[in-house]
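Quick notes on the structure that follows.
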DNA sequence: CGGCCAGGGCTTGTATACAAGCACCTGTCG
DNA sequence: CGACAGGTGCTTGTATACAAGCCCTGGCCG
């Protein structure tokens, strides 16, 4: 954001890596994260690892219990719901702020993005990348690209729940169609239709969370203040 | 947020203190923050101070330039605008989610809050506290209290700009009346009126920012990536 | 007199050492 | 056999030492 671009410190590298591993469920919710282990396996000292964990803890992706351990936080349905509300509020408000003349370059990116979404054999992670870029592109159209970064930072729990949903039934095609629908409404200047399509789209995954929770309850938190059981997980290959 | 409540580590204490000093402009934008100095004056080592600065940097309240120094970030008009958009989107969306039966306890808190806002001789910081509690209370009414914490974390730049505005003309009475107006509309069940009043209220301070910027340009950032000039500031009494 | 260069003092980044405390495991005793 | 107590190994929190680099300043040289 306002950070200087020279972020090639090892802390930043570790932070980005760990964050990605948590969001992609490569580090599953509940996994134990030992500062010493991580430092050893990554060939650095505890300091940058520890500082990364503190940042992740502030984002709610990691929980640190002094003298007990650090753990990948379980998906908290309450936080998923909060992020859903936040995201919906922001994205719908952005649609209301669309200017009369849409940025042609952004529109082209969005069109390319949509085209790629409908390709066959699209991997889940690839789809997620495109999905994220699509929604960010819509925010750019209304000049609120920066506000999106705040939303993106807050929706870690939501994204993990979404991934769980996709890994369960793996049908990104439906979402791709919904994206197309939103995009067409935006280009057509029909804000009301765009809002309706966006709301429908954003709530599609959200409605599935309870089903996923019944299927994999161990990934979800029951009491967020409870101390997890230590359970080692192989990290960093 | 989802952190365990046992937060009596010195890091947390320092973090809260520094954050408050930045938000209240007690640490003015552009001030130099030396890890060594802070640690010495607070009687601890660099470690907890440094970790606090890293957290504040992630919030955008502090900028850390490796091998150069750490500085209280100048108020970034772009970030102020982003926070304004985010806040407006969320608070208006919350009004749409108000349940038919409003929580009586929260309503009582809000009434007490409004009554206190209209007392004579109210200090600026006291008003800010009440203002923050009032808006949080409205979010609680719609069951989105937790989403408010995310907004609160993102609106550091906005709050500093608001404080600048209040210290300039010091007229919280107008805002207190607007709060009352919003509250009455909410209690009366007129969501449309509540939305209008809320929008008017939220944009009141925002429109003043340019005036403040002309008055105190040194507190605002021109190029957010520029390295500030070192300028020592007495800290911690 | 002006420009260049080296050195010292500061900065943050990283590594390491020590402190405090929880949890489990084991040996002992009832 | 069961329960309890103590040790041991782990955890994170804090303190300190070292590394790398920027900036300014003072001295030297053209």
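Protein chains in written order, with UniProt numbering: chain P, 1 to 237; chain A, 1 to 237. Glycine residues also receive a C-beta, built at the ideal position from the N, C-alpha and C atoms.
Following the DSSP letters along the chain, one finds residue 128 (chain A) inside the alpha helix (DSSP H) bounded by residues 124-141.
Contact with chain A is found for residue 150 (chain P), since one of that chain's Cβ atoms lies less than 7 angstroms from the residue's Cβ. Taking CB atoms only, residue 113 (chain A) has no neighbour in chain P less than 7 angstroms away. Residue 73 (chain A) places its beta carbon 7 angstroms or farther from that of residue 86 (chain A). Less than 7 angstroms divides the Cβ of residue 59 (chain A) from the Cβ of residue 156 (chain A). By the 16-neighbour rule on beta-carbons within 10 angstroms, residue 179 (chain A) is buried. For the segment 51-72 of chain P, the beta-carbon criterion of a distance under 9 angstroms to any beta-carbon of chain A is satisfied by 51, 54, 55, 57, 58, 59, 60, 63, 64, 65, 66. Its Cα nearest to that of residue 205 (chain A), the residue A:84 stands out among A:84, A:27, A:194. The shortest CA-to-CA distance from residue 99 (chain A) to any of A:139, A:108, A:152 is the one to A:139. Taking a cut-off of 8 angstroms on C-beta distances, the segment 152-166 of chain A does not touch the segment 110-121 of chain A, as fewer than three cross pairs fall below it.
Residue burial is scored here from C-beta neighbours: residue 65 (chain P) has fewer than 16 other C-beta atoms within 10 angstroms and is therefore classed as exposed. The distance from the Cβ of residue 70 (chain A) to that of residue 55 (chain A) is about 12 angstroms, inconsistent with a contact at the 8 angstroms cut-off. Of the candidates A:182, A:125, A:147, the residue whose Cα lies closest to the Cα of residue 172 (chain A) is A:125. Secondary structure note for residue 206 (chain P): its alpha helix (DSSP H) is the uninterrupted segment 191-206. A:164 is the residue among A:164, A:129, A:211, A:77 whose C-alpha sits nearest the C-alpha of residue 28 (chain A).
Along the segment 137-169 of chain P, the positions whose C-beta sits under 7 angstroms from a C-beta of chain A are 144, 146, 147, 150, 154, read in chain order.
When secondary structure is reduced to three states using DSSP, residue 70 (chain P) falls in the strand class. In the structure shown, residue 22 (chain A) adopts helical secondary structure according to DSSP, grouped into three states. When only Cα atoms are considered, residue 141 (chain A) and residue 111 (chain A) end up about 13 angstroms apart. Along the segment 204-216 of chain P, there is no position whose C-beta sits under 8 angstroms from a C-beta of chain A. Residue contact with chain A for residue 25 (chain P): absent (no Cβ-Cβ distance below 7 angstroms to any residue of chain A). With contacts defined by Cβ atoms closer than 7 angstroms, residue 159 (chain A) and residue 23 (chain A) form a contacting pair. Counting along the chain, residue 65 (chain A) sits inside the beta strand (DSSP E) bounded by residues 62-65.
Collapsing the DSSP output to three states places residue 145 (chain A) in a helix. For residue 57 (chain A), the secondary structure class from DSSP, reduced to helix, strand or coil, is helix. In chain order, 85, 86, 89, 90, 93 make up the part of chain A whose C-beta sits under 9 angstroms from the C-beta of residue 90 (chain P). Beyond the five residues adjoining it in sequence on each side, residue 116 (chain A) comes within less than 7 angstroms, by CB distance, of 130 in the same chain, given in chain order. Separation of the CB atoms of residue 202 (chain P) and residue 88 (chain P) is rounded to 5 angstroms, and the pair is thereby assigned contact status at 8 angstroms. Interface with chain A (7 angstroms Cβ-Cβ cutoff): residue 82 (chain P) is included. For residue 108 (chain P), the enclosing alpha helix (DSSP H) starts and ends at 104-117.
Residue 182 (chain P) sits close to residue 198 (chain P), with the two beta carbons spaced by under 7 angstroms.
Of the candidates A:146, A:79, A:76, the residue whose Cα lies closest to the Cα of residue 81 (chain P) is A:146.
Contact annotation, residue 76 (chain P) with residue 221 (chain P): C-beta distance approximately 5 angstroms; criterion of less than 8 angstroms satisfied. Taking all protein chains shown into account, residue 67 (chain P) has fewer than 16 neighbouring C-beta atoms within 10 Å of its C-beta and is therefore exposed.
Think of a sphere of 8 angstroms around the beta carbon of residue 78 (chain P): the chain A residues whose beta carbon falls inside it are 146, in chain order.
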